[in-house]
Structures are given as C-alpha cells and as structure tokens.
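Counting along the sequence shown from 1, when you hit position 207 you're at 960 in my numbering, and nothing is skipped either side.
All remarks here apply to the structure that follows.
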Amino acid sequence: MSRNADLARRFGSPLYVYDLDRVTAARRDLFAALPDGVALYFSFKANPHPEIARALRVAENGAGDGRVCRAEVSSTGELAAAMDAGFDAADVLYTGPGKTNGELTAAIATGVRVFSVESLSDLRHVGAAATGHGVTVDCLLRVNSASTSSSTSIRMTGTPSQFGLDSETLPEILAELRDVPGTRLAGMHLFSLSNAQDEASLIAEFRHTISVAADLHRRLGLPVRLLDIGGGFAAPYLVPGDRPVYPGLRSALAATLDEHFPDWRTGTPEVACESGRHLVGDGGQLVCTVVNVKESRGQRFVILDAGINILGGMSGLGRLLPVTVGFDEEAMAGEVDLGRLETANLVGPLCTPGDILGRGVPAPALSPGDVVTIPNAGAYGVTASLLMFLGRPAPVEVILRGDEVVSASRIEFHRKYE
Ligand SMILES: Cc1ncc(COP(=O)(O)O)c(C=O)c1O
754 MSRNADLARR FGSPLYVYDL DRVTAARRDL FAALPDGVAL YFSFKANPHP EIARALRVAE
814 NGAGDGRVCR AEVSSTGELA AAMDAGFDAA DVLYTGPGKT NGELTAAIAT GVRVFSVESL
874 SDLRHVGAAA TGHGVTVDCL LRVNSASTSS STSIRMTGTP SQFGLDSETL PEILAELRDV
934 PGTRLAGMHL FSLSNAQDEA SLIAEFRHTI SVAADLHRRL GLPVRLLDIG GGFAAPYLVP
994 GDRPVYPGLR SALAATLDEH FPDWRTGTPE VACESGRHLV GDGGQLVCTV VNVKESRGQR
1054 FVILDAGINI LGGMSGLGRL LPVTVGFDEE AMAGEVDLGR LETANLVGPL CTPGDILGRG
1114 VPAPALSPGD VVTIPNAGAY GVTASLLMFL GRPAPVEVIL RGDEVVSASR IEFHRKYE
C-alpha cells in the first residue's frame, strides 16, 4: 500500500499531507536565490498551518542554517497562527485592505509594530489603534504604481484597485500621510504580481519595482527604512511539476539594488521580499478517494470525496485562475492501474454543477475506492476553499517529517451564539 493510501486509511479521506522537509528545502533554496541581507516574509495566506510556518521560522540546523522567514499576515487568525508557530511579533508585517479596528487593536496588543497601509484612511485607522495603545507604529505605504512591467499570471498594480495608494496621488497627500498621530512612515511596500511566469519576468518586475521605489524616494522624499519589493515567486498548482529555480535572480537583484539604493548592503534601506506559494506549494498533496465513476452522454465522470469545498474553491466560483487538477502518478503507484489512461471529468461530491476540479483530464482507469493524489497542493488548499460549503467536514491535515507522522489535525467549526 502506498504511503498516502495508508495515511488515508489511518486518518480518513480526504486529507492533506504536508512534508516539512520539502518546506525546509523551499526556504533554503529561496534564500539561496536572494542576495545576502534580503529578508523574506512568509505570506500566511498561502498556508497558515502553524507547523508549516514553524518550518519556515526555525533553522533546522540550529544557528548554522541562518536565514529564516518573517511573517506577513492579514488577519487575526493568521497572526494567531504566526504566534503559535513561534514567530516574534516584532517580525510580523500586517497587511491587507480591510483591517478592522478590532483586528488592529489585537495586532498592536500582540506586539505588531509594522503595518502596510493601503490608503490615507487606512493609515489613520492604524494610527488611531496605535494611539489607543499609547504607541507609535511603523507604516509602509503600499504603492499602486501607475506604470507596469512584464506580463504576469496575477497582476496587482497599474489599474484601479483596493490595493495600495495610487502613485500619482502621492505628491498631493504626502503632507497628510506624514502627519498621522500614532504612525511613522517607515518605507514602501510594492507587491505587483503573484506567480511570475518565468525568471525573466520575475527579474523584470523586481527591476521595475525597485526603480519605482527609488524614483518616489528621490522625487518625493518618501522614507525607505524598510523597502518591501513584493514577490511573484512561482509554484505549480494542483498539477504535476517542479518548483521553479531562479539561478539568475541573486545577481540581477543585487545589481539593481546597487544601482538604485547604493547603501542597501549596509541596511539603508533594509530590503525584503514576500512569498507564499513558492515556499509551501510543493510541500503538500491532497489525497482523496474515488466515490463513484459514471458515464453521461459519452463522458466519464470520476466523483471524488474532495471538491471545491476543500480545494481551489475560489476557482470553482470563477474568481481565480481556472484549476485543472492532475494526478501524482508516483504517489499513486501500486494503488491504481496507471498503464491505462482515459479522459475524465473530475468532480467533487457537492450538489452544484460548479463542483468541477478538472474537465477532460487524462486519468488512469479509476474505480470506487481508489485513492488518488493531487500534487502541489501545499499552498492555497484547505484554507483557500469553500470549507464549510454544504456542511461537509474539513479534511484531516497530516504533517510528516520523513516517514514520521508529526501530527494529524482537523479544523472544526463551532457555532457560537453571541
Ligand atoms: C501582499 C501580498 N503578499 C504576498 C502574497 C502571496 O503571494 P504568493 O503566494 O503568490 O507568493 C499575496 C498574494 O496575493 C499578496 O497579495
């Protein structure tokens, strides 16, 4: 029996299986691809499981391993996960366009002192919460640059958006931005893309971002104690494939920073990047079971016990990139007949025609009870889904280190009457 089938038998199906060694390897590889001295925030939105986050926080070889992630969070839940995982509140960057007073107050009470702000009013909200605690917090102005560079998978600047301050409006509101009690402008945050299509477009985007930041710094005197240049580090999602490597990034990024911010190597500014999917995407798999197989008007439907309620739910609603899942044949070896491929529509168990994980997907000849594995599901899996949809239980999340089961847990929902 394959390891995943064994885990499904022990813990129930469907389940997410995460491999801490892969998460650690992704952290090490990404730090190696970044110039020395560049900090890296782990974006909890990709996967807030505390054990996964801890693997990004703790150097497994003690001090020798060196570079560990900080935390980028955008909710009280993500902040709690970061604290559970052993992150220091001083290493947290709090982001997001809809920070409520309650969230801000909780974050400041926890010790968070760095916030990314998306507008003058957002800055004022942060300032009011900070003043309420008698502290002054550092704020990064998230900039929505008027110009853009390469084409990308998910672009987040250059258009009207809830994210960031429009760069062309900065001159007229700068005095007000500088004068919000409880806040100190500490730098800029530019997050312009997610999941870059290749290394060349990732580098082009960073070059553009750094030149925009340098221009705003020079022209307007915007402070840059901390410069967060965003991310775009890619990962395959729910289909077989390897995490990309970035052999040219380290020198290209260093050269661009040298050109625009000659003192960055001595910490002026301190430069940081962000990553979610690249750090955790290939560390997870979704293991599920075929419930039924049926034909309809000449098409084969493989009905799984996992649907958009626990995987890629936002895609199911047409909100994100369309998802087509693939199978991890290596993980399934010994479970199903991989020799005979058919074309199938992979669907979940929900009573909605939207519950489709893939149309016309090449799949082995599957039967009820077969355990199948969807690869590269470590990012934007269980917590980017319609978890509570149709009242189905959450999947188990199993954490492995090598062959050892570190933990198995299930998110449970409780109705709380106010
Ligand atoms: C501000 C910000 N940081 C980080 C991320 C994480 O992106 P990814 O998982 O592609 O690295 C996102 C994703 O949308 C984001 O909006």
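Just so you know, even glycine gets a beta-carbon here, dropped at the ideal spot from N, CA and C.
Tell whether a beta-carbon distance below 8 Å holds between residue i and residue j.
i, j, result
"Leu-876", "Thr-829", "no"
"Gly-1113", "Asn-1098", "yes"
"Pro-976", "Ile-1063", "no"
"Val-998", "Ala-1132", "no"
"Phe-944", "Glu-1048", "no"
"Val-867", "Asp-891", "yes"
"Phe-764", "Val-1151", "yes"
"Asp-932", "Asn-897", "no"
"Gly-1144", "Val-776", "no"
"Gly-917", "Arg-978", "no"
"Val-865", "Leu-832", "yes"
"Asp-1058", "Cys-1041", "yes"
"Tyr-769", "Ala-1130", "yes"
"Val-1043", "Leu-1119", "yes"
"Asp-1066", "Ala-1137", "One detail in the question is off: residue 1066 reads as Gly in this sequence, not Asp. For Gly-1066 and Ala-1137, yes; Cβs fall inside 8 Å."
Count the other CB atoms within 10 Å of the CB of residue i; is the residue buried (16 or more) or exposed (fewer)?
i, result
"Ala-816", "Residue confidence is low: Ala-816 scores 41 on pLDDT, short of 50, so the model does not pin down where it sits. No coordinate-derived value is stated."
"Thr-1126", "buried"
"Asp-759", "exposed"
"Asp-995", "exposed"
"Glu-921", "exposed"
"Asp-1123", "buried"
"Val-888", "exposed"
"Arg-971", "exposed"
"Leu-1074", "At Leu-1074, the pLDDT of 48 sits below 50, so the modelled position is not reliable and the matter cannot be decided from this model."
"Thr-905", "Annotation note: pLDDT 47 at Thr-905 (below 50); position unreliable, coordinate value reported separately. By the 10 Å Cβ count, Thr-905 comes out buried."
"His-1167", "exposed"
"Gly-1051", "exposed"
Which same chain residues end up closer than 7 Å to residue i when comparing Cβ atoms and leaving out the 5 residues on each side of it in sequence?
i, result
"Asn-1045", "Ile-1056 and Pro-1121"
"Arg-807", "Ala-838 and Gly-839"
"His-1031", "Ala-779, Leu-783, Phe-986, Ala-987, Ala-988 and Arg-996"
"Ile-956", "Gly-1001, Leu-1002 and Ala-1005"
"Arg-810", "Val-821, Cys-822, Ala-838, Gly-839 and Phe-840"
"Asp-774", "Arg-1154 and Gly-1155"
"Phe-797", "Ala-806, Ala-824, Glu-825, Val-826, Glu-831, Ala-834 and Ala-835"
Comparing the CB of residue i with every heavy atom of ligand 1, is any distance shorter than 7 Å?
i, result
"His-886", "no"
"Gly-944", "For the record, residue 944 in the displayed sequence is Phe; it is not Gly. Checking the Cβ of Phe-944 against ligand 1 gives yes."
"Gly-984", "yes"
"Ser-1028", "yes"
"Asn-1062", "no"
"Ala-799", "yes"
"His-802", "no"
"Ser-796", "yes"
"Asn-897", "no"
"Thr-912", "no"
"Thr-848", "yes"
"His-961", "no"
"Glu-825", "yes"
"Ala-761", "no"
"Ala-1132", "yes"
"Ser-1138", "no"
"His-1031", "yes"
"Asn-854", "no"
"Asn-1129", "no"
"Ser-947", "yes"
Sorted by chain position, which residues of the same chain lie with C-beta nearer than 6 Å to residue i's C-beta, five sequence neighbours on each side aside?
i, result
"Thr-1019", "none"
"Gly-1153", "Checking the sequence, you will find Leu at residue 1153 rather than Gly. Around Leu-1153: Asp-772."
"Ile-1164", "Ala-1147"
"Ser-827", "Thr-848 and Gly-849"
"Gln-915", "Pro-850"
"Glu-804", "Ile-1152"
Output needed for residue i: all residues of its chain with C-beta closer than 8 Å, excluding positions within five of it in sequence on either side, in chain order.
i, result
"Asp-1156", "Arg-756"
"Thr-1077", "Leu-991, Val-992, Leu-1110, Gly-1111, Arg-1112 and Val-1114"
"His-886", "Thr-858, Ile-861 and Ala-862"
"Pro-1000", "Ala-786 and Glu-952"
"Tyr-794", "Cys-822, Arg-823, Ala-824, Glu-825, Leu-846, Asp-981, Ala-1025, Cys-1026, Glu-1027 and Ser-1028"
"Glu-1171", "none"
Could you tell me whether any Cβ in chain C is nearer than 8 Å to the Cβ of residue i?
i, result
"Gln-950", "Here there is only one protein chain, and chain C is not present."
Sufficient close CB pairs (3 or more, under 8 Å) joining the region 843–856 to the region 877–888: With contact defined as three or more Cβ pairs closer than 8 Å, the region 843–856 and the region 877–888 are in contact.
Three or more C-beta pairs below 8 Å linking the region 956–964 and the region 978–997: Taking a cut-off of 8 Å for Cβ pairs, the region 956–964 and the region 978–997 touch, as three or more such pairs fall below it.
For the region 1086–1104 against the region 1000–1014, do three or more pairs of beta-carbon atoms, one drawn from each stretch, fall closer than 8 Å, so that the two count as touching? No, because fewer than three Cβ pairs between the region 1086–1104 and the region 1000–1014 fall closer than 8 Å, the two stretches do not touch.
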